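At position 169 of the sequence shown the residue is numbered 169 (UniProt numbering), and the sequence of numbers has no breaks.
Glycine included, every Cβ here is placed at the ideal spot set by N, Cα and C.
The structure displayed is predicted, hence computed values, not measured ones.
Below you'll find the structure, written out as structure tokens, and then a few comments.
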Amino acid sequence: MADDFTSPEHCALCDRLDPTQDLIRCTSCKLRYHAVTCLHQHGALPLDWLSGVCDGIGPNPRTVLDITLDTDVHYFLRQGTYPNGKTEKEKTRIRKRACRFDFQDTQLCRKADAAHGIRVVPAIEDCMPLTKQGHEAAGHFGLKHVRHFLQRKYYWNNITHTITTVLAECEACQLVNREQLIASWENHPIPVLALFHRWHIDLMGPFAKSGGGNLYTIVAVEAARKWVEAGALPDKTALTVKEWVWRELICRYGCPHEIVTDNGNEFEGEFRYLMDECHIDHHHTSSHHPRANGAVEKLNYTIQFGLAKVVNSHRNDWDLRLPQLLLAIRSTRHESVRMEPSVAHMGKPLMLPGFAALKLQLPDPEPESSTANEAATKQRQTALEEIGKSVLRNVAQAQAIQSAKYSAAHKRARDAGTASSLRSETLRAPIVGDYVHIRNLKKGKLQPAWESSIYHLVEYNHDETVATLEMTDGTRWTENVEHLKVYRGPSPAGF
1 MADDFTSPEH CALCDRLDPT QDLIRCTSCK LRYHAVTCLH QHGALPLDWL SGVCDGIGPN
61 PRTVLDITLD TDVHYFLRQG TYPNGKTEKE KTRIRKRACR FDFQDTQLCR KADAAHGIRV
121 VPAIEDCMPL TKQGHEAAGH FGLKHVRHFL QRKYYWNNIT HTITTVLAEC EACQLVNREQ
181 LIASWENHPI PVLALFHRWH IDLMGPFAKS GGGNLYTIVA VEAARKWVEA GALPDKTALT
241 VKEWVWRELI CRYGCPHEIV TDNGNEFEGE FRYLMDECHI DHHHTSSHHP RANGAVEKLN
301 YTIQFGLAKV VNSHRNDWDL RLPQLLLAIR STRHESVRME PSVAHMGKPL MLPGFAALKL
361 QLPDPEPESS TANEAATKQR QTALEEIGKS VLRNVAQAQA IQSAKYSAAH KRARDAGTAS
421 SLRSETLRAP IVGDYVHIRN LKKGKLQPAW ESSIYHLVEY NHDETVATLE MTDGTRWTEN
481 VEHLKVYRGP SPAGF
């Protein structure tokens, strides 16, 4: 019977997808999700019968009806009573589910909990566009960051799978992201002793000359709170770097105890004179060992890849895009600190453009008084002090955990004799029939790591180290498998 279901014409949900290709079949009940939903919308099936059908979203479909389609719960929330003809079991289900939701005028919302405030529950067809918007607003960051941004304002079932799908099909991310290698030496983190005790500084570039005449980016990250400052520079002379550090770091945050840099000439001369004048300990990393300054080196990759995804075709407006990228970084939860840098720094989160909190009706504020103001100020100061203690504690714990994991991974790789090839994130190896990208071996700054062209893998050699690729015009050639990456997205045209 299930195989006979067909999607009715003029259905908004099915019009969004190709009904011949995108109907999702539940692995448990064997029913086609979109077909069943449309039949219900057109009055062919009762909602009670539909409540046992999976929502079809995600690799492991569930047997819970999406809240936006659960009209029994909607009726209970609006009327305060159960729909007619419901059994005690059905009433219990409705009551338990309704306690987590409410209506703000006509908008269905998820009630506030310990982790989040009131959040909007969007329609199913709006989830994918909202995720794409959040992914772009968050600087094309990964799953955790995009989910963190979206869950501030929105809630829907299986949000993680929706984000994973969008990230996997994002063209900019596919071309720019690249896998990272784990080195074969032990990890020795530098202890974080106090807030604003140490800054890590580095330069990137030269990039394409911007409209403002800038060629380089200077990046500084505070070791404890992970607060980031960055700016565009026309050159990387010691005088230019010294002026930026004086203006953006020292005059704004005071003199730190330590500054860590590499051995570049831009950190000598005038810069060293500034360090001596301000009594700042200037530490250099070992030659050809950028991981010693890993706090900022890792951030360099984030900024470089983030800019590569948003610059124009001439790649000369990167200095104008830098402030928005800094906003995304500062408002993203840091795994070591276990909070956003803005919260650790100012005690409050930053909101991204277009993702402001819900505007709800609030009670009138009480008249202000000097006593109330003093109490509020003291309370805020106490809260910031507690945040500072939590930051130092969380960073110390994160360093210990990361060192233990790193050492264990190194030991396993060394015992297996594969330390030089151990990968931090494993990408699926392409197989015959896959569409693939080829690594961009001639890439420069802000250039994608992978070529945008798509090729068809038609065969491997005997040991599967060399692949035969085919273009749309039938031209074939061979490529080393290490230079290939599986393309994720709709089937390309022309093959």
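Is residue i helix, strand or coil by DSSP?
i, result
"Gln304", "helix"
"Phe103", "strand"
"Gly82", "Gly is not the amino acid found at residue 82; the sequence shown has Tyr there. Three-state result, Tyr82: coil."
"Asp126", "helix"
"Asp113", "coil"
"Phe495", "coil"
"Tyr155", "coil"
"Arg315", "coil"
"Leu325", "helix"
"Leu108", "strand"
"residue 496", "No statement about residue 496 is possible, as the shown extent of the chain runs from 1 to 495 and does not include it."
"Arg225", "coil"
"Ala295", "helix"
"His145", "helix"
"Lys445", "coil"
"Cys278", "coil"
"Val395", "helix"
"Asp48", "Confidence at Asp48 is low in this model, with a pLDDT of 38, below 50, so the placement of that residue should be treated as unreliable; the coordinate-derived value is given next. The answer is helix: DSSP assigns Asp48 an H, G or I state."
"Val192", "coil"
"Lys405", "helix"
"His135", "helix"
"Lys378", "helix"
"Ile431", "coil"
"Cys255", "coil"
Can you give me the start and stop residues for the alpha helix (DSSP H) that residue i sits inside?
i, result
"Thr240", "238 to 244"
"Arg93", "88 to 98"
"Cys173", "171 to 176"
"Phe267", "Run containing Phe267: none; DSSP gives neither H nor E here."
With a CB to CB cut of under 8 Å and the five nearest residues on each side skipped, what residues in its chain are close to residue i?
i, result
"Val343", "Pro349, Ile387"
"Ile303", "Met204, Thr217, Val219, Ala230, Leu322, Leu325, Ile329"
"residue 517", "No answer is possible for residue 517: it lies beyond the span of the chain, which begins at 1 and ends at 495."
"residue 504", "What the structure shows of the chain is the stretch from 1 to 495, and residue 504 is not part of that stretch, so it cannot be assessed."
"residue 498", "Not covered by the structure: residue 498. The range shown for the chain is 1 to 495."
"Phe101", "Ile67, Val73, Leu77, Leu108, Cys109, Arg110, Lys111, Val121"
"Gly43", "Legend: pLDDT at Gly43 = 40, less than 50; position of this residue unreliable, no value from coordinates given."
"His279", "Cys255"
Go to residue i, then tell me how far its beta strand (DSSP E) extends in each direction, as first and last residue.
i, result
"Leu203", "198 to 204"
"Gly231", "228 to 233"
"Val221", "216 to 222"
Enumerate in chain order the residues of its own chain whose CB-to-CB distance from residue i is below 6 Å, with the five nearest sequence positions on each side excluded.
i, result
"Trp227", "Pro341, His345"
"Phe103", "Leu77"
"Met128", "none"
"Lys389", "none"
"Thr478", "Val466, Thr468"
"Val221", "His200, Val228, Ala295, Val296, Leu299"
"Val146", "Gly134, His135, Ala138, Ile163"
"Thr240", "Leu233"
"Val166", "Thr131, Lys132, His135"
"Thr261", "Ile201, Phe267"
I'd like to confirm the pairing. Which residues does DSSP put opposite residue i in its beta bridges?
i, result
"Thr468", "Glu459, Thr478"
"Met339", "His334"
"Val486", "Val436"
"Trp450", "Arg439"
"Val260", "His200, His283"
"Leu350", "Answer is none; Leu350 lacks a bridge partner."
"Arg119", "Arg110"
Can you give me the Cβ contacts of residue i inside the same chain, cut-off strictly under 7 Å, excluding the 5 residues immediately before and after it?
i, result
"Trp318", "Phe207, Ser210, Leu307, Val311, Leu446"
"Arg488", "Ala168, Glu169, Gln174"
"Tyr82", "Phe76, Lys91, Ile94"
"His483", "Ile438, Arg439"
"Pro490", "none"
"Gly58", "Because Gly58 carries a pLDDT of 37, less than 50, the predicted location of this residue cannot be relied on, and no value is offered for it."
"Thr418", "With a pLDDT of 42 at Thr418, under the threshold of 50, the modelled position of this residue cannot be trusted; read the value that follows with caution. Cβ within range, chain order: n/a, list empty."
"Val337", "Arg225, Lys226, Ala344, Val391, Asn394, Val395"
Looking at residue i and the ligand COA, is the gap between the Cβ and the nearest heavy atom below 7 Å?
i, result
"Gln399", "Of ligands this structure carries none, so the ligand COA is not represented either."
>> With a threshold of 8 Å, are at least 3 pairs of Cβ atoms found where one atom belongs to the region 131 to 139 and the other to the region 84 to 94?
In response: Counting C-beta pairs closer than 8 Å gives fewer than three between the region 131 to 139 and the region 84 to 94, which falls short of the contact rule.
> Using 8 Å as the threshold, is the region 192 to 211 in touch with the region 230 to 245, meaning 3 or more CB pairs across them?
Replying inline: yes
>> Any contact between the region 451 to 460 and the region 139 to 157? By contact I mean 3 or more CB pairs, one from each, below 8 Å.
In response: no
>> Any contact between the region 100 to 120 and the region 151 to 164? By contact I mean 3 or more CB pairs, one from each, below 8 Å.
In response: yes
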